[in-house]
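Following: one structure in structure tokens, then a few remarks.
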Amino acid sequence: MEFVRYLLGTSPPQPINETDDVFPLHMLDDTQTLRQILVGWTLHFNDVLDADKLHASLSALLDTGDWRKLGGRLRLKNGKLELHVPQRYTESRPALTYSHKTSLVNLRDHPLGSKLPNPTDKAAVSIYDDPVSFRPFVARDHHPETFEDYLYHDTPILSLHITSFNDATLVALTWPHCIMDVLGQQALLKAWCLVLAGQESQLPPLLGARQDTMAALADDPSEPPEEFTLKNSLLQGFAFGNFVFHLMWDRFWNPPLETHILFVPKQFIDRLKTQAQNDLKSASKEGDKEAPIFVSEGDVITAWMSRFISSSLPAPRPITVLHAVNTRLRFPALKQAAGLYVQNMALGAFTFLSPETAQKRLGQVALENRTHLMEQATKGQMLAFLRHLRSSGAAADPAHVLCGPSDGLLLPFTNWERADFFNVIDFGPAVKAAGEKSEFRTNPPGKMVHHHALNLQRNQSNMNVVVVLGKEQQGNYWLSACLLPSTWVKIKESLTDTV
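Taken in order, the sequence shown gives residues 620 to 1118; the numbers are from this note's numbering.
Below is the structure:
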């Protein structure tokens, strides 16, 4: 929409400072889908943290080398996004927006703070409120809520909003999704923690600040070409139109979606894993002698949620699970790089579940997921996908490159576990006082107890979205899911039974 207004000349003027340093955004950053997502990420610590120290260290990071790119302002030029960075940060043009609120009560005594999710010592799954309920903790009043708010104001792309209680601290970051993916978040937090700890000498450089690493990989002639195995499964032409029709039909007829946060304790995960392994052993005895018996916890969680979604549909229907696979973990050149990438570097991989397959045993569905991912999430297939985006012109929005049956129900499934935020984020140097001092405390000082994210630019076109927020120190998982009410009924009913 904004690009249309730009072409028609109806957009207001953007505040341009000719002295700013200009950084590009890259092929997997500047997409129409990511322009519709403004990430609000809240980290919950059961310690009293020094808010000003956190702010000062993050500001210092954004004034170091190419890390300065993250202190930029979004601008649109010839339909392409850029980041304009002040040559020198000032009080009127800071590296980031900072706000701090103090509530002189304990978290459990605060009307809203008392409702925040907390880990429990129970073996059962706990279900909490929609993250949007905690919007007041995400950002200051009058924070940008649309992509356009960034374009037409001199607003830094990063915002830091800290809420302090007598015994806890909430640290919230917001940014447009076109800036970074989840491993970009990890890179930013790793660097921030180093500066906070006074270890600037160990700070890795920010890589890919000006050169598009993903485009270079796609164009590298030394990388042998590999056929894109999903080429014949691409939704194109009539098939894509049929998929969009089903998507719009679902939006029109279905009731409003419900988003909840789930705390899934280790004991429950262990029961799921045991059930999955037993399912696979039984399948092997029934004739499939070559059936592997290994599936990951991520496979099991994917199967667990997929079965609920399938069983709650009014009529049988295929399910296409869309996974975000991060290329940093697939390309040796990226994995072994002597620095950190803060950008978007994820591509899609698909698991196709027929109505019959989606209702098989937990282990069989988990194995189906693992089989599809093992075929697609290789370096060769990721490169083939990347080259398809380049050659087909689909790089403008890779999210529109979909595969599977045209009547399939899309299930976007994102797993943040590899980012390992519960261990990577260490705000220990900013701890002023321990908030939780009981013998039941399980996390070290400066480590968070919970985190969640939301899209400040709410988009009801999202359906059946599942985010695995990660695994904390004790092996418990946090999830966020946006599902139909009928699916939540199935989930809640199941929690009263054995797995």
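All residues carry an ideal CB built from backbone N, CA and C; glycine is no exception.
Count Cβ pairs between the region 880-891 and the region 1090-1102 that sit closer than 8 Å; are there 3 or more?
yes
For H780, which residues of its own chain have a beta-carbon under 7 Å away from its beta-carbon, when the five flanking residues on both sides are left out?
For the purposes of this step, residue 780 is taken as residue 161 along the sequence shown, with counting starting at 1. S718, V757, A758, R759 and A791.
Classify L626: buried if its beta carbon has 16 or more other beta carbons within 10 angstroms, exposed otherwise.
Residue 626 sits at position 7 when you count from the first residue of the sequence shown. Note that L626 has pLDDT 49, beneath the 50 cutoff, so the model's placement of it is unreliable and the number below is only indicative. L626 comes out exposed.
Applying the 10 Å Cβ sphere with the 16-neighbour rule, what's the burial state of W686?
Along the sequence shown, one-based indexing puts residue 686 at 67. Under this definition W686 is a buried residue.
Tell whether a beta-carbon distance below 8 Å holds between A1038 and V801.
Here residue 1038 is taken as the residue at index 419 of the sequence shown, counted from 1. Here residue 801 is taken as the residue at index 182 of the sequence shown, counted from 1. Contact flag set, yes.
Write down every uninterrupted run of the alpha helix (DSSP H) in the region 895-965 whose length is 4 residues or greater and which is fully enclosed by it, in chain order.
916-930 and 951-954
Going by other Cβ atoms of all chains shown within 10 Å of its Cβ, with 16 needed for buried, is V1108 buried or exposed?
Walking along the sequence shown from the start, residue 1108 turns up at place 489. It counts as exposed.
Got a sec? Which residues, its chain only, sit under 6 Å from L992 by beta carbon, not counting five neighbours each side?
In the sequence shown, the residue the question calls residue 992 occupies position 373. Closer than 6 Å at Cβ, skipping near neighbours: A968.
Among L815, A895, M1082 and V863, the one whose alpha carbon lies nearest that of Q983
Here residue 983 corresponds to residue number 364 of the sequence shown, with the count starting at 1. Ranking the options by Cα distance to Q983, first place goes to A895.
At the level of alpha carbons, what is the spacing between P1104 and S1025?
Numbered from 1 along the sequence shown, position 485 holds the residue referred to as residue 1104. Numbered from 1 along the sequence shown, position 406 holds the residue referred to as residue 1025. Computed Cα separation, rounded: 24 Å.
Just tell me which of L731, F871 and L1028 has its CA closest to the CA of P937.
For the purposes of this step, residue 937 is identified with residue 318 of the sequence shown, where counting begins at 1. Considering only alpha carbons, the answer is L1028.
Can you list, in chain order, the residues of its chain with a C-beta nearer than 6 Å to that of N1074? Leave out the 5 residues immediately preceding and following it.
Against the sequence shown, residue 1074 aligns to sequence position 455. Hits under 6 Å: I656.
Restricting to Cα atoms, I'd like to know which of L899, T788 and Q633 is closest to L770.
Stepping through the sequence shown from its first residue, residue 770 is reached at position 151. Residue Q633 is the option with its Cα nearest to L770.
Would you call the CB atoms of G803 and N963 closer than 8 Å?
As a position in the sequence shown, residue 803 is number 184, starting the count at 1. As a position in the sequence shown, residue 963 is number 344, starting the count at 1. In this structure, N963 lies closer than 8 Å to G803 by Cβ.
To which residues of the same chain is N861 closer than 6 Å at the C-beta, ignoring the five residues directly before and after it?
Stepping through the sequence shown from its first residue, residue 861 is reached at position 242. These residues qualify, in order along the chain: S1025.
For F864, does the count of other Cβ atoms within 10 angstroms reach 16, so buried, or fall short, so exposed?
Residue numbering aside, residue 864 sits at position 245 when the sequence shown is read from its first letter. So F864 ends up on the exposed side.
Between which two residues does the beta strand (DSSP E) holding W1097 run?
One-based indexing of the sequence shown puts residue 1097 at position 478. Per DSSP, W1097 belongs to the beta strand (DSSP E) from Y1096 to L1102.
By Cβ distance, which residues of its chain are closer than 8 Å to W1035, with the 5 residues on each side in sequence left out?
In the sequence shown, the residue the question calls residue 1035 occupies position 416. V801, V1086, V1087, L1088 and G1089, listed in sequence order.
Since M1067 sits in a beta bridge, which residues does DSSP pair it with?
If you number the sequence shown from 1, residue 1067 lands on position 448. BP columns for M1067 point to F664.
Residues in its own chain within less than 6 Å of K720 by CB, not counting five upstream and five downstream?
Walking along the sequence shown from the start, residue 720 turns up at place 101. So the list reads T782, once near-sequence residues are dropped.
Report the rounded CA-to-CA distance for W660 versus A806, giving the unit in angstroms.
Here residue 660 corresponds to residue number 41 of the sequence shown, with the count starting at 1. Here residue 806 corresponds to residue number 187 of the sequence shown, with the count starting at 1. Rounded to whole angstroms, W660 to A806 spans 15 Å at the Cα level.
Can you tell me which residues form a DSSP beta bridge with N725?
Against the sequence shown, residue 725 aligns to sequence position 106. Partner(s): none; N725 has no beta bridge.
Does DSSP put S778 in a helix, in a strand, or in coil?
For the purposes of this step, residue 778 is identified with residue 159 of the sequence shown, where counting begins at 1. The answer is strand: DSSP assigns S778 an E or B state.
C797 beta carbon less than 8 Å from that of L953
Translated into the one-based positions of the sequence shown, residue 953 becomes position 334. Translated into the one-based positions of the sequence shown, residue 797 becomes position 178. No, the pair does not count as a contact, with Cβ atoms beyond the cut-off.
Does L822 pass the burial test, meaning 16 or more other C-beta atoms within 10 Å, or should it be called exposed?
Start at 1 with the first residue of the sequence shown, and residue 822 comes out as number 203. Classification for L822: buried.
N- and C-terminal bounds of the beta strand (DSSP E) containing T878:
Counted from its first residue, the sequence shown places residue 878 at position 259. Unbroken beta strand (DSSP E) run through T878: E877 to V883.
Hey, how far is the Cα of P951 from the Cα of K809?
Reading the sequence shown from its first residue, position 332 is the one you call residue 951. Reading the sequence shown from its first residue, position 190 is the one you call residue 809. P951 and K809: Cα-Cα distance of roughly 20 Å.
Within 8 Å, do at least three Cβ pairs link the region 999-1006 to the region 837-850?
yes
Would you mind giving the Cβ-Cβ distance between R694 and P705, rounded to the nearest angstrom? I have them listed as a contact below 8 Å.
In the sequence shown, the residue the question calls residue 694 occupies position 75. In the sequence shown, the residue the question calls residue 705 occupies position 86. At roughly 13 Å, the Cβ-Cβ gap does not stay under 8 Å, so R694 and P705 are not in contact.
Alpha carbon of L826 to alpha carbon of T683, nearest angstrom
Indexing the sequence shown from 1 puts residue 826 at position 207. Indexing the sequence shown from 1 puts residue 683 at position 64. Going from the Cα of L826 to the Cα of T683 covers about 13 Å.
Could you spell out where the beta strand (DSSP E) holding H703 opens and where it closes?
Your numbering for residue 703 matches position 84 in the sequence shown. Per DSSP, H703 belongs to the beta strand (DSSP E) from K699 to V704.
Quick one: residues in its chain with C-beta nearer than 8 Å to the C-beta of W794, no 5 flanking neighbours on either side, listed in chain order?
Counting from 1 along the sequence shown, the entry for residue 794 is found at position 175. Around W794: L657, V658, I776, L777 and S778.
Between W811, K741, E710 and D786, which has its C-alpha nearest F1046's C-alpha?
Stepping through the sequence shown from its first residue, residue 1046 is reached at position 427. Among W811, K741, E710 and D786, the Cα nearest to that of F1046 is on W811.
Would you mind stating whether G691 and F642 have Cβ atoms separated by less than 8 Å?
Here residue 691 refers to the residue found at position 72 of the sequence shown. Here residue 642 refers to the residue found at position 23 of the sequence shown. Contact: yes.
Out of L723, A742 and Q651, point me to the one whose CA is closest to L1114's CA.
Numbered from its first residue, the sequence shown carries residue 1114 at position 495. Considering only alpha carbons, the answer is A742.
Would you identify the three-state DSSP class for V744, choosing helix, strand or coil?
Here the question's residue 744 lines up with position 125 in the sequence shown. Looking at V744 - three-state DSSP - the assignment turns out to be coil, as it is neither helix nor strand.
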